[in-house]
Amino acid sequence: MPPPANTKRAPSPPDGGWGWVVVFGAFVSIGFAYAFPKGIAIFFKEIQDFFGTSYSEVAWVSSIMLATTYGAGPISSILVNRYGSRPVVMFGGLLCGIGMVSGAFCTSIMQLYICVGFITGLGLALNLQPSVIMIGKYFLKRRPIANGLAMAGSPVMLCTLAPLNQFLFDSFGWRGSFLILGAILLNCCVAGALFRPIGPGTASVKTPVTKEGRGALKQEVTEDAMEISSPTNLPMKNKTEEEGDRDCCEKINQYLDFSLFKHRGFLIYLIGNVLMFLGFFAPIIFLAPYAKHMGIDEYSAAFLLSILAIVDIVARPTTGIIANSKWVRPRIQYFFSFSIAFNGTCHLLCPLASSYTGLVIYSVFFGLAFGMVCAMLFETLMDLVGAVRFTSAVGLVTIAECCTILLGPPIGGFLWMEWFKISTGRDPQRSVLTILNLQEGLQPSEGTLIDTFGDYKYMFIKCGVVMVLAGTFLFIMNYYNYRMLAKEEKERKAKEEDPKTVKKENEGRSNWIKETTQDGPELEPLREEQEGPKKEVNGLIEV
Numbered sequence: 002m003p004p005p006a007n008t009k010r011a012p013s014p015p016d017g018g019w020g021w022v023v024v025f026g027a028f029v030s031i032g033f034a035y036a037f038p039k040g041i042a043i044f045f046k047e048i049q050d051f052f053g054t055s056y057s058e059v060a061w062v063s064s065i066m067l068a069t070t071y072g073a074g075p076i077s078s079i080l081v082n083r084y085g086s087r088p089v090v091m092f093g094g095l096l097c098g099i100g101m102v103s104g105a106f107c108t109s110i111m112q113l114y115i116c117v118g119f120i121t122g123l124g125l126a127l128n129l130q131p132s133v134i135m136i137g138k139y140f141l142k143r144r145p146i147a148n149g150l151a152m153a154g155s156p157v158m159l160c161t162l163a164p165l166n167q168f169l170f171d172s173f174g175w176r177g178s179f180l181i182l183g184a185i186l187l188n189c190c191v192a193g194a195l196f197r198p199i200g201p202g203t204a205s206v207k208t209p210v211t212k213e214g215r216g217a218l219k220q221e222v223t224e225d226a227m228e229i230s231s232p233t234n235l236p237m238k239n240k241t242e243e244e245g246d247r248d249c250c251e252k253i254n255q256y257l258d259f260s261l262f263k264h265r266g267f268l269i270y271l272i273g274n275v276l277m278f279l280g281f282f283a284p285i286i287f288l289a290p291y292a293k294h295m296g297i298d299e300y301s302a303a304f305l306l307s308i309l310a311i312v313d314i315v316a317r318p319t320t321g322i323i324a325n326s327k328w329v330r331p332r333i334q335y336f337f338s339f340s341i342a343f344n345g346t347c348h349l350l351c352p353l354a355s356s357y358t359g360l361v362i363y364s365v366f367f368g369l370a371f372g373m374v375c376a377m378l379f380e381t382l383m384d385l386v387g388a389v390r391f392t393s394a395v396g397l398v399t400i401a402e403c404c405t406i407l408l409g410p411p412i413g414g415f416l417w418m419e420w421f422k423i424s425t426g427r428d429p430q431r432s433v434l435t436i437l438n439l440q441e442g443l444q445p446s447e448g449t450l451i452d453t454f455g456d457y458k459y460m461f462i463k464c465g466v467v468m469v470l471a472g473t474f475l476f477i478m479n480y481y482n483y484r485m486l487a488k489e490e491k492e493r494k495a496k497e498e499d500p501k502t503v504k505k506e507n508e509g510r511s512n513w514i515k516e517t518t519q520d521g522p523e524l525e526p527l528r529e530e531q532e533g534p535k536k537e538v539n540g541l542i543e544v
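In terms of our numbering, the sequence shown opens at residue 2 and continues consecutively.
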């Protein structure tokens with residue numbers, strides 16, 4: 002007995018149930034992806050002594066890992082579109098384990114670059130994006146809460162890995178620690194196994210037909226039908242012939258949607274994010290050295306980072322709950338813009354802290370602002386482009402963020418040196434090392450920074466200005482985007498009320514249905530779905 006026709010349609014996100022298990026899996030995967038490159042820095046000193054290299058050369062292991070994690074975003078998106086999230090995350094966890102275990106047997110620093118830096122970084126990239134994508138498939142109404150809980154994995158894992166790595170280092174050395182960490186990273190395979198697909202059309206979300214989406218709708222319907230239909234309904238021979246007719250660009254665009262660069266909201270988000278990342282991570286690196294520069298002891302300075310992490314853990318899920326409220330959710334882009342500007346304001350006020358108490362207050366507010374931004378980083382992107390195109394969007398955004406993280410510090414350092422040279426007449430050549438150290442995730446030398454800039458506070462001011470500019474830009478452009486969307490919606494409704502326009506659209510829809518008749522019976526449920534609006538429109542005409 003054949004299954005009912007409605008079983009072929011894409012199921013709606015359940016917003017709960019097994020979705021909370023998926024959130025836990027994403028919590029683990031995202032936590033490892035963000036925290037692991039920072040957590041392995043504790044082994045660098047012993048690796049430096051073992052291979053007889055400089056600290057900067059060893060630190061490139063973490064830099065390559067971080068660059069690969071962000072730079073492999075498009076590859077991850079293509080694999081998810083082709084195979085789904087579950088196998089990609091499980092394969093990424095396997096790569097992470099292989100990379101760390103192989104790193105335990107490396108005999109040169111170059112081998113560490115390949116095994117720990119590239120292979121492990123690629124595995125982390127295959128864990129990060131599918132985890133976020135899977136949340137969008139399981140949640141809609143409660144998606145901000147789910148994203149906030151999953152993103153809390155980063156500070157939790159960082160607080161866990163720091164003492165764990167120290168214990169492993171003291172007990173087993175760096176080689177034994179790498180073996181154990183490789184085994185621990187295999188838990189990403191378990192997390193990936195939790196990403197159970199909810200249906201063959203999981204990635205599809207039912208959207209209304211607009212004036213500009215008829216051509217895109219036909220393409221989406223064809224792709225969904227190819228996924229839904231069984232091999233008996235759609236022979237593989239036809240698929241091969243269709244793929245053979247497409248050129249290379251069309252095949253790539255099938256798995257990575259480059260038309261997003263024509264999407265107004267996506268471009269606004271991308272430009273704002275690139276600007277924001279120029280000053281996003283530096284204050285965390287400079288906080289402890291700045292405290293020691295003020296005469297605070299080493300342990301108290303390190304405790305500031307613990308305060309920041311604890312507040313960050315609480316802030317992320319709390320922000321998700323607030324963003325999910327009926328007052329914030331409809332205009333969540335404004336909330337995201339405010340969070341970025343609030344982050345920058347904290348950095349601008351940091352130099353006013355003249356005591357340890359002031360730095361503690363700064364750490365609390367910085368942790369709050371940092372958690373707010375991270376909790377909404379992917380939620381706002383999904384709100385702009387939708388769940389269907391989010392897979393491609395997150396890959397394109399991460400590659401842009403990778404360029405910012407790697408090229409931003411040298412460019413910013415060059416501009417700062419030119420300003421410093423003009424304003425003081427001093428030679429700022431030594432600051433190149435400081436900027437490169439920042440790029441590699443190191444704590445810069447106090448003597449170099451003080452000798453070049455005179456004080457750490459100028460770096461906080463620079464980051465604060467950049468963050469405030471990014472938040473202001475996003476706020477203004479999102480206001481413009483909301484106004485344009487409202488205007489377009491008003492024009493669409495006006496056209497629907499015009500009988501002539503409605504009749505013309507009905508004729509076009511009828512012709513489209515006739516064209517799709519040759520595609521086979523698998524499109525019948527989707528054609529029935531399109532006939533609903535048609536009958537309603539005809540009802541309006543008769544009146």
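Just so you know, even glycine gets a beta-carbon here, dropped at the ideal spot from N, CA and C.
Quick caveat, the model's predicted, so the values are computed rather than measured.
Exercise. For the 8 Å Cβ check, are there 3 or more pairs between the segment 370-383 and the segment 152-169?
Worked result: By the C-beta criterion, the segment 370-383 is judged to be in contact with the segment 152-169, since at least 3 inter-stretch pairs fall below 8 Å.
For this session: Using only alpha-carbon positions, find the residue among Ile269, Leu288, Tyr71 that is nearest to Gly122.
Result: Nearest neighbour of Gly122 by Cα position, chosen from Ile269, Leu288, Tyr71, turns out to be Tyr71.
Exercise. Are the segment 123-137 and the segment 24-32 in contact at 8 Å, needing three or more beta carbon pairs?
Worked result: They touch, by the three-pair rule.
For this session: Whole angstroms is fine: what's the gap from Ile314's alpha carbon to Ile308's?
Result: Distance between the alpha carbons of Ile314 and Ile308: 10 Å.
Exercise. Leu582 and Ala105: beta carbons closer than 8 Å?
Worked result: The chain is shown from 2 up to 544; residue 582 falls before or after that span and cannot be answered.
For this session: Can you say whether Arg265 is buried or exposed, counting buried as having 16 or more other CB atoms within 10 angstroms of its CB?
Result: Result: exposed.
Problem set entry | Proximity to Cys160 [Cα-Cα], best of Glu402, Leu475, Leu349, Gly32 | For Cys160, the closest C-alpha among the options Glu402, Leu475, Leu349, Gly32 is that of Gly32.
Exercise. Which full runs of the alpha helix (DSSP H) of 4+ residues lie inside the segment 265-319, going along the chain?
Worked result: As far as the segment 265-319 is concerned, its whole alpha helix (DSSP H) runs of at least 4 residues are 265-278, 283-294.
For this session: Report buried or exposed for Tyr481, applying the criterion of at least 16 other Cβ atoms within 10 angstroms of its Cβ.
Result: Here Tyr481 is exposed, its C-beta having fewer than 16 other C-beta atoms within 10 Å.
For this session: Run through the segment 326-408 for me and flag every whole alpha helix (DSSP H) of 4 or more residues, listed as ranges in chain order.
Result: Whole alpha helix (DSSP H) segments, 4+ residues: 333-350.
For this session: Drop a sphere of 10 angstroms on the beta-carbon of Leu397, count the other beta-carbons inside from all chains shown, and report buried for 16 or more, exposed for fewer.
Result: With 16 or more Cβ atoms within 10 Å of its Cβ, Leu397 is classed as buried.
Problem set entry | Between the CA atoms of Tyr335 and Ala126 - distance to the nearest angstrom | As the crow flies, the alpha-carbon of Ala126 is around 29 Å from that of Tyr335.
For this session: Grab me the residues of Pro318's own chain with a C-beta within less than 6 Å of its C-beta, minus the 5 sequence neighbours each way, in chain order.
Result: The beta carbon of Pro318 sits closer than 6 Å to those of Gly149, Leu150, Ala153, all from its chain and outside the five residues before and after it, given in chain order.
For this session: Can you grab the Cα-Cα spacing for the pair Glu530 / Thr399, in whole Å?
Result: Note on Glu530: pLDDT 41, under 50, position unreliable in the model; the coordinate value appears next. Whole-angstrom Cα-Cα distance: 36 Å.
Problem set entry | N- and C-terminal bounds of the alpha helix (DSSP H) containing Phe45 | For Phe45, the uninterrupted alpha helix (DSSP H) segment begins and ends at 45-52.
Problem set entry | Endpoints, alpha helix (DSSP H) assigned at Arg144 | Its alpha helix (DSSP H) spans residues 144-152.
Exercise. Per DSSP, what kind of secondary structure is Cys107 in: helix, strand or coil?
Worked result: Three-state DSSP puts Cys107 in coil, outside helix and strand.
For this session: Figure out for me which residue from Cys351, Ser393, Leu276 has the closest Cα to the Cα of Cys404.
Result: Nearest of Cys351, Ser393, Leu276 to Cys404, Cα basis: Leu276.
Exercise. Three-state secondary structure (DSSP) at Pro156?
Worked result: In the structure shown, Pro156 sits in a helix (DSSP, three-state: H, G or I).
Exercise. Can you tell me where the alpha helix (DSSP H) with Arg484 in it begins and where it stops?
Worked result: Where Arg484 is concerned, the enclosing alpha helix (DSSP H) starts and stops at 458-498.
Exercise. What residues in its chain sit with their C-beta under 7 Å from that of Val329, if we drop five residues either side in the sequence?
Worked result: Excluding residues up to 5 positions away in sequence, Ile323, Phe336 lie with their Cβ nearer than 7 Å to the Cβ of Val329 in the same chain.
Problem set entry | CB contact flag (Met377, Ser340, <8 Å) | Taking 8 Å as the Cβ cut-off, Met377 and Ser340 qualify as a contacting pair.
Exercise. Is the beta carbon of Cys116 less than 8 Å from the beta carbon of Cys189?
Worked result: In this structure, Cys189 does not lie closer than 8 Å to Cys116 by Cβ.
Exercise. Using 8 Å as the Cβ pair cut-off and three pairs as the minimum, do the segment 282-292 and the segment 100-114 touch?
Worked result: Using a Cβ-Cβ distance cut-off of 8 Å, the segment 282-292 and the segment 100-114 are not in contact, since fewer than three pairs of beta carbons, one from each stretch, lie closer than that value.
Problem set entry | Leu141 (DSSP reduced to helix, strand or coil) | If DSSP states are grouped into helix, strand and coil, Leu141 belongs with coil.
For this session: Can you tell me which of Arg390, Gly193, Phe140, Cys347 puts its alpha carbon nearest to the alpha carbon of Pro75?
Result: Among Arg390, Gly193, Phe140, Cys347, the Cα nearest to that of Pro75 belongs to Arg390.
Exercise. Using a Cβ-Cβ cut-off of 7 Å (strictly less than) and excluding sequence neighbours within five positions of Phe379, which residues of its own chain qualify?
Worked result: Excluding positions up to five away in sequence, the list reads Val133, Asn148, Val395.
Exercise. How would you label Lys458, buried or exposed, when you count the other beta carbons within 10 angstroms and need 16 or more for buried?
Worked result: Label assigned to Lys458: buried.
For this session: Can you give me the Cβ contacts of Met91 inside the same chain, cut-off strictly under 7 Å, excluding the 5 residues immediately before and after it?
Result: Here the set comprises Cys190, Gly193, Ala194.
Exercise. Run through DSSP, which three-state label would Pro164 get?
Worked result: Note: Pro164 maps to helix in three-state DSSP.
Problem set entry | Classification of Ser77 by the beta-carbon crowding that lies within 10 angstroms, buried from 16 upward | Answer is buried; the Cβ neighbour count reaches 16.
Exercise. What did DSSP end up calling Gly17 once you bin it into helix, strand or coil?
Worked result: DSSP, reduced to helix, strand and coil, places Gly17 outside both helices and strands of the structure shown, so it counts as coil.
Problem set entry | Pick from Tyr114, Phe45, Phe304, Phe140 that is closest to Gly17, judged by C-alpha positions | Among Tyr114, Phe45, Phe304, Phe140, the Cα nearest to that of Gly17 belongs to Phe140.
Problem set entry | Coil, strand or helix - Ile199 by DSSP | In the structure shown, Ile199 sits in coil (DSSP, three-state: anything other than H, G, I, E or B).
For this session: Starting from the C-beta of Val469, find all residues in its chain whose C-beta is less than 6 Å away, skip the five residues before and the five after it, and write them out in chain order.
Result: Excluding residues up to 5 positions away in sequence, Ala342, Gly345 lie with their Cβ nearer than 6 Å to the Cβ of Val469 in the same chain.
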